[in-house]
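Counting in numbering that gives the first Met the number 0, the sequence shown runs without a single skipped number right up to 386 at its last residue. Note that CB positions come from ideal geometry on N, CA and C, so glycine has one too.
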Amino acid sequence: MFKKSHTQAGARPGTLIFSADDVHSRVRVIEYSREAVSESTALDLERLVRVAAEGKCVWIDVEGLGDEQLIRQITEAFAIHPLAIEDVINRPQRAKTESYGDQELIICRTICGDGPTRLRTEQVSVILGPHFVITFQEGHHDAFASVRTRIEQPDARLRQHGPDYLAYAVVDTIVDNYYPVLEMLGNWLERWEDAAVSDPNPELLRDLNVIKNRLANLRRSMWAQNHALQCLARNDDSPISSEVRIYFRDTHDHCAQTLEVLEMYREMASNLLNTYLTAVGQRTNEVMKVLTVVSSVFVPLTFIAGVYGMNFEFMPELRYEWGYPFVWLTMVVTATVMVGLFWRKRWLSFGTTEAYAGGVDVAELRGGVPREQTPPKSAVPAHRQAA
0 MFKKSHTQAG
10 ARPGTLIFSA
20 DDVHSRVRVI
30 EYSREAVSES
40 TALDLERLVR
50 VAAEGKCVWI
60 DVEGLGDEQL
70 IRQITEAFAI
80 HPLAIEDVIN
90 RPQRAKTESY
100 GDQELIICRT
110 ICGDGPTRLR
120 TEQVSVILGP
130 HFVITFQEGH
140 HDAFASVRTR
150 IEQPDARLRQ
160 HGPDYLAYAV
170 VDTIVDNYYP
180 VLEMLGNWLE
190 RWEDAAVSDP
200 NPELLRDLNV
210 IKNRLANLRR
220 SMWAQNHALQ
230 CLARNDDSPI
240 SSEVRIYFRD
250 THDHCAQTLE
260 VLEMYREMAS
270 NLLNTYLTAV
280 GQRTNEVMKV
290 LTVVSSVFVP
300 LTFIAGVYGM
310 NFEFMPELRY
320 EWGYPFVWLT
330 MVVTATVMVG
340 LFWRKRWLSF
350 GTTEAYAGGV
360 DVAELRGGVP
370 REQTPPKSAV
380 PAHRQAA
């Protein structure tokens with residue numbers, strides 16, 4: 000269910016609500032320029048403010064929002080607007096961008112989870128200011144390891160640009176993290192499609208309903224993110240330079256592409272539910288057909304048994320020496336003829352349908368990793384699959 004940390008009615012703007020469920024905060028600090036880069040977990044805010052004022056880029060990455068004192072110290076040291084911090088702490092917030100003078104707040108939703116039915120999104124907040132970037136993550140996921148690796152390269156473009164390019168790299172990484180998940184979903188939807196026909200069962204139905212809801216939530220998050228990036232790329236009044244806004248437009252294109260794939264997968268999940276219900280209905284019809292055929296075979300046999308089971312005194316056939324075997328022969332021949340007739344009309348078949356060659360296992364489906372990763376017919380472009 001949707002749960003939001005909210006202030007009491009009438010509370011002043013900027014009131015922060017810290018939750019006891021938030022994970023403890025840990026900080027990573029990176030200072031870099033064209034000539035050098037340094038990384039540390041020690042937080043000397045007075046020195047960092049001075050370094051940023053001297054023109055060197057400072058990146059403070061906070062994982063976990065459980066340390067109220069630490070977060071207040073960071074935001075006060077860099078003079079972050081109270082409304083911006085309110086959006087960072089009082090979660091969840093809709094993906095959006097807000098300008099506060101020379102600072103820009105970018106709220107995104109990153110994707111988490113290790114299986115198709117366990118996907119969720121978490122909020123990542125990016126605050127861009129003069130020569131500094133502060134990122135706040137809900138959990139300890141280290142989503143920006145690739146960005147740090149790029150900063151360490153002497154010829155990296157990140158080292159040649161200002162903090163607005165770092166903010167772009169962070170947001171672009173968040174969007175790119177959706178692509179491996181889309182690959183996984185493409186694999187599972189194909190396997191579920193086969194399982195819906197060959198092995199429709201209650202566990203599969205439950206998983207299909209879960210994944211349909213997950214896809215709907217992902218689509219809503221990505222739609223808001225797509226709109227926010229579109230506004231950011233076209234906002235001439237933001238502290239982001241016109242050169243870097245070009246890169247944000249590219250990220251917006253990736254976001255729009257991801258949104259289209261999520262919409263397609265959501266429709267596929269809905270179609271799979273219909274396929275499942277159709278397969279279950281077909282199996283029910285097959286069972287009813289067999290029961291009807293069996294009943295039809297026994298109707299004449301019941302009639303014969305009923306006739307000769309009547310207690311009349313004068314029934315000549317009862318005194319015939321071969322009367323009993325003759326009745327049995329008549330019943331066997333009648334049943335054989337009727338079964339053969341039903342067989343020719345294809346109302347009755349023997350044997351079982353061959354199982355799907357992939358051997359879909361529902362228990363395996365719920366495990367999160369396919370036994371064999373076959374190349375999917377994915378809608379994700381090849382040049383983004385390795386992102």
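Out of the options, which one is the CA nearest neighbour of residue i?
i: L47; options: G65, A19, T250, A78; result: A78
i: D141; options: L347, Y178, E242, R27; result: R27
i: S39; options: L217, I59, N89, P115; result: I59
i: A304; options: T333, V209, E312, R147; result: T333
i: A166; options: D175, H139, G339, I133; result: I133
i: T250; options: D171, P153, D20; result: D171
i: S124; options: D86, G114, E34; result: D86
i: A19; options: H80, E34, N89; result: N89
i: Y246; options: E34, V174, I126; result: V174
i: Y31; options: E45, P81, L157; result: L157
i: V283; options: R49, R345, A168, P199; result: The sequence given here has Thr at residue 283, not Val. Taking only the C-alpha atoms, the option nearest T283 is P199.
i: R33; options: Q159, T329, L184; result: Q159
i: M389; options: K288, T335, L207, R93; result: Only positions 0 to 386 of the chain appear in this structure, which leaves residue 389 out of reach.
i: P179; options: A144, I110, H139, S197; result: I110
i: V336; options: A278, S145, P299; result: P299
i: T329; options: M287, Q92, Y307, C230; result: Y307
i: Q387; options: P201, P91, D43; result: Absent from the structure is residue 387, since the part of the chain shown begins at 0 and ends at 386.
i: V279; options: S294, F325, P201; result: P201
i: E285; options: E67, R345, G322; result: R345
Excluding the five sequence neighbours on either side, which residues of its own chain have a C-beta within less than 7 Å of the C-beta of residue i, listed in chain order?
i: F341; result: V292, L347
i: M221; result: C254, T257, L258, L261
i: A155; result: R149
i: V209; result: T116
i: L184; result: P115, Y264
i: G358; result: Low confidence applies to G358: its pLDDT is 46, below 50, so where it sits in the model is not reliable, and the reading given next is rough at best. For G358, where only same-chain residues beyond five positions count, there are no Cβ hits under 7 Å.
i: R388; result: Because the chain spans 0 through 386 in this model, residue 388 falls outside it and cannot be assessed.
i: S269; result: K211
i: C230; result: T96
Between which residues of its own chain and residue i is the CB-CB distance below 6 Å, once the five residues before and five after are set aside?
i: L118; result: G112, R213
i: L364; result: With a pLDDT of 47 at L364, under the threshold of 50, the modelled position of that residue is not reliable, and the figure given next carries that caveat. There are no such residues.
i: L69; result: S24
i: A255; result: N225
i: A385; result: Residue placement at A385 is poorly supported in this model, since its pLDDT is 38, which falls under 50; the coordinates still yield a value, given next. Correct list: empty, nothing qualifies.
What's the call for residue i, buried or exposed, on a 16-neighbour Cβ count within 10 Å?
i: H253; result: buried
i: W391; result: Nothing can be reported for residue 391: it is not among the residues displayed for the chain, which extend from 0 to 386.
i: L228; result: buried
i: A51; result: buried
i: G128; result: buried
i: T74; result: buried
i: A195; result: buried
i: C56; result: buried
i: L317; result: exposed
i: R309; result: The sequence given here has Met at residue 309, not Arg. By the neighbour-count rule (16 or more Cβ atoms within 10 Å), M309 is not buried but exposed.
i: G161; result: buried
i: D163; result: buried
i: A144; result: exposed
i: F135; result: buried
i: A41; result: exposed
i: L271; result: buried
i: F131; result: buried
i: L276; result: exposed
i: V169; result: buried
i: Y177; result: buried
For my contact list, residue i and residue j are in at a C-beta cut-off of 8 Å; report their separation, rounded to the angstrom.
i: E137; j: E121; result: 4 Å
i: C107; j: Q281; result: C107 to Q281, Cβ: 44 Å. No contact.
i: V22; j: G54; result: Incorrect: roughly 34 Å between the Cβ atoms, too far for contact.
i: T387; j: E192; result: In the structure as shown, the chain begins at 0 and stops at 386. Residue 387 is therefore absent and cannot be evaluated.
i: E151; j: V36; result: 6 Å
i: V296; j: V338; result: 6 Å
i: I29; j: R205; result: The Cβ separation is near 44 Å, so there is no contact.
i: I126; j: A94; result: With a Cβ gap of about 15 Å, I126 and A94 do not count as contacting.
Using a Cβ-Cβ cutoff of less than 8 Å, which residues in the same chain neighbour residue i once the five nearest sequence positions on both sides are dropped?
i: R265; result: K211, L214, A215, R218
i: F313; result: none
i: E45; result: A76
i: A354; result: Confidence at A354 is low in this model, with a pLDDT of 41, below 50, so the placement of that residue should be treated as unreliable; the coordinate-derived value is given next. Cβ neighbours of A354 beyond the five flanking positions: S197, D198.
i: V289; result: L347
i: H139; result: V22, R25, E62, G63
Can you check whether the C-beta of residue i is within less than 7 Å of a C-beta belonging to chain B?
i: H160; result: Reference to chain B is not applicable here, since this structure consists of a single protein chain.
Three Cβ pairs or more, each shorter than 8 Å: is that satisfied between the segment 96-104 and the segment 236-251? yes
Report yes or no: do the segment 51-67 and the segment 172-188 share at least 3 C-beta pairs separated by less than 8 Å? In the pairwise beta carbon analysis, the segment 51-67 is classified as not touching the segment 172-188: fewer than three pairs are separated by under 8 Å.
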